[in-house]
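Trainee: Below is the structure I would like to discuss, written out as structure tokens.
Numbering (the numbering used here), first residue to last: 1 to 124.
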């Protein structure tokens, strides 16, 4: 009778053991997947670090490879981006001309935009 009881108890415990084993195997697989993802990310970041160190100004743009740092008024500082100038017609509210540069100051751009705007008014 005791042997039968132990056998029945073992039969009931068997599914629980296999479920816990499956969960352990799944968590082990998830752990391996996470490690593989982290290793891939580390490789990508290492490549970005090497590209950054190889660039002359130690800066790179991940979204726009043509982007260059613009000098600002601060000593030794700069902003990575573009400087855009736009001239808009006041009567029709349309863009007459535009120009995008990577010059930090737009003071020198006023004359160029003004001359382009004068020439662009012929459509009115």
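All C-beta atoms in this analysis are idealised placements derived from N, C-alpha and C, irrespective of residue type, glycine included.
Is DSSP giving residue 81 helix, strand or coil here?
Mentor: strand
Trainee: In the structure shown, what three-state DSSP assignment does residue 122 receive?
Mentor: Since pLDDT at residue 122 reaches only 48, below the 50 mark, its modelled position is unreliable, and the value read off the structure follows with that caveat. Correct three-state label for residue 122: helix.
Trainee: Taking residue 95 as part of the beta strand (DSSP E), name the residues at either end of that continuous run.
Mentor: 95-101
Trainee: DSSP state of residue 68, grouped into three classes?
Mentor: DSSP, reduced to helix, strand and coil, places residue 68 within a strand of the structure shown.
Trainee: With three or more C-beta pairs closer than 8 Å as the rule, is the region 84-103 touching the region 54-65?
Mentor: no
Trainee: Which residues share a DSSP beta bridge with residue 47?
Mentor: In the DSSP output, where bridge partners are listed per residue, residue 47 has none listed.
Trainee: Could you give the distance in angstroms between the alpha-carbon of residue 123 and the alpha-carbon of residue 99?
Mentor: Reliability of the predicted coordinates at residue 123 is poor, the pLDDT of 48 falling under 50, and the value obtained from them is presented with this limitation in mind. Each residue's Cα considered, the two are about 19 Å apart.
Trainee: Would you mind sorting residue 79 into buried or exposed? The rule is 16 or more other CB atoms within 10 Å of its CB.
Mentor: exposed
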